[in-house]
Each structure stands twice: as structure tokens, then as C-alpha cells.
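Residues 1 to 269 in the working numbering are what the sequence shown spells out, letter by letter. Where a beta carbon is used, it is the ideal one built from N, C-alpha and C, also for glycine. Given the structure is predicted, the values throughout are model-derived calculations rather than measurements.
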Amino acid sequence: MQGGTSLTEVQTHERQPIPGVKETVAVSSGKGGVGKSTMCVNLAVALAGQGLRVGLMDTDIYGPNVPGMLGVSERPQVVAGSQLIRPAEAHGLSLISMGLLVEPGVPVIWRGPMLAKMVNQFLFSVEWGELDILLLDLPPGTGDVQLTLTQMAPLTGALIVTTSSTLALEDVGRGVQMFRQTEVPILGLIENMSTFLCDSCGTESHPFGHGGGAAAAASLDIPFLGEVPLDPAVRSGADDGTPAFLSQPESPASQAIGAISKSLLERLT
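Quick look at the structure:
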């Protein structure tokens with residue numbers, strides 16, 4: 001591969017288990033702006049609502065938005081007598097994020113080795129306790145964080161979030177190829193913001209296209225877990241710090257996310 005290192009040429013590291021964590025699932029997107037983080041947060045509370053012990057690890061070191069979506073601001077504390085960090089708690093979830101470790105508005109300006117070190121600490125230096133599932137909210141693309149996680153984390157599999165726009169779908173293929181080359185199973189693809197229903201006139205439209213997610217899943221031979229509509233409840237929930245699945249459980253997006261969470265569980269059991 002010219003201009004870089006092929007994934008198949010990267011040294012393989014032994015993937016270590018995370019103490020107490022049964023399943024570890026990466027939530028990924030090839031492109032930013034497709035709603036991956038809001039999807040990850042709402043899936044996390046949906047899974048917790050089914051009685052599972054759920055952790056959420058925000059691995060987007062440069063743009064850590066998850067704490068705001070969950071209304072969390074307090075800094076994690078070091079466990080007495082150890083070097084482990086106790087994760088924050090919100091809405092029944094355990095959470096770790098760079099957004100809880102730096103002052104608001106302060107940028108993180110790190111090169112790849114520092115990113116890898118922080119991701120490793122999030123995995124193995126956090127007192128996760130007993131978890132049924134740990135969701136990893138990945139940054140967009142196929143960069144240093146993704147490579148570190150696929151090398152070091154005991155990933156059960158990956159979820160891929162996309163819209164039906166042509167550019168987003170092009171990047172889906174790159175993400176699938178990355179996970180396949182690093183031997184991480186693809187648990188499924190989700191098409192986000194698939195439809196929009198006008199409150200005033202009831203007209204259904206497709207601002208980002210429609211049906212591309214299902215078509216991409218079929219062509220890439222990966223499971224298609226479903227569609228989530230473009231729903232104002234998701235935006236307001238993220239802004240208010242209470243995910244839409246909790247604040248507006250009857251909204252169209254919440255209903256779709258609930259169904260997807262059950263499909264994910266079926267693939268994990």
C-alpha cells in the first residue's frame with residue numbers, strides 16, 4: 001500500500017480481556033455527522049433499560065461529546081488504594097470520556113502515540129466493575145484510535161452507523177474493510193436519519209436519501225439492523241442531557257432504537 005501501512009502489515013497485539021466485561025462492542029461510522037454518538041448513547045440506555053449492566057467509553061478524544069449528551073460534568077475519581085479510575089454514572093450507565101478529564105472548551109492536541117496511550121488507559125485502567133456490555137463510541141473514519149482498539153480491545157464486534165447519502169455510504173465500505181482485515185465481526189449496519197415526518201402536514205421526506213443502508217448491507221454481506229428516522233426528540237434529548245429514549249420513549253426514533261437494541265442483543269446471545 002503506497003503512502004501508508006496496510007492493516008495486514010501492522011504488528012498484531014494480543015487482545016487482553018477487560019476484567020468484569022462480558023461483551024465489548026464498537027459503534028463506528030465512516031464519516032462524521034451521521035449521528036453515531038447520539039445513536040450510541042441511546043442504544044446504551046435502551047440496553048440498560050432491558051436490565052443489562054452497560055458501560056459507555058467515549059473514544060473520540062478530539063471531540064468528546066458524550067458527557068454533554070448524558071448531562072455529566074463531574075470528574076472521575078481515582079479509586080482509593082489503587083491506580084484505577086472510577087467511571088462517572090448517569091442514567092444507569094458507567095461512563096468514561098476525555099470530556100470529563102479536561103476543562104470545557106480546551107482542545108486536546110495529541111499525536112497518535114498519546115491517543116493510543118489514553119485509549120489503553122480507558123480500557124484497562126478504569127474500574128468498570130461487572131458489565132454485560134461495554135459500548136465504545138469511536139471517532140469517525142479509520143484512524144489511530146480505531147487501529148489501537150482493533151489491536152488491543154477484545155471486541156465482540158462492531159456496529160456501523162450511516163445515513164443514506166452517497167458520501168456516507170462510500171465510507172461504510174472502508175470501515176467494513178478495516179474491521180474485516182483486523183478480524184472484528186460486523187454485528188450490523190444502522191441507517192440513521194432515514195425519514196422525516198412533518199408535524200404540520202404529515203408529509204414524509206428523505207433529506208439524506210433512503211434505502212441506501214439496506215442496500216449497502218446487502219452488497220457488503222453484513223446484517224442490516226434497521227432504520228432510525230430523523231426525529232427532533234433525538235436532538236433535544238442530546239442538548240438537554242437526557243437521551244430521547246428516556247425523555248421521549250414513544251417518539252419514532254426511540255421506538256426504532258428500542259427495536260435495534262433487541263436485535264443487537266439477539267446477535268450477542
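In this structure, Ala-253 and Ala-244 form a Cβ contact; the two beta carbons are roughly 6 Å apart against a cut-off of 8 Å.
In the structure shown, the three-state DSSP call for Gly-202 is coil. Around the beta carbon of Ile-109, fewer than 16 other beta carbons lie within 10 angstroms, which makes this residue exposed. Boundaries of the beta strand (DSSP E) around Gly-226: 224–228.
Judged by DSSP secondary structure, Met-39 falls within the alpha helix (DSSP H) whose first and last residues are 36–48.
It is roughly 9 Å from the alpha-carbon of Gly-33 to the alpha-carbon of Ala-168. Proximity to Ala-88 across Leu-56, Thr-162 and Ser-82 peaks at Leu-56, based on C-alpha coordinates. Per DSSP, the continuous alpha helix (DSSP H) segment holding Thr-148 begins and ends at 144–152.
Here the alpha carbons of Gln-248 and Asp-199 stand approximately 16 Å from one another.
For the pair Pro-19 and Ala-216, the Cα-to-Cα distance works out to about 36 Å. Pro-67 has its alpha-carbon roughly 15 Å from the corresponding atom of Arg-86. By the Cβ-count criterion, Pro-207 is exposed, with fewer than 16 other Cβ atoms from all chains shown falling within 10 Å of its own Cβ.
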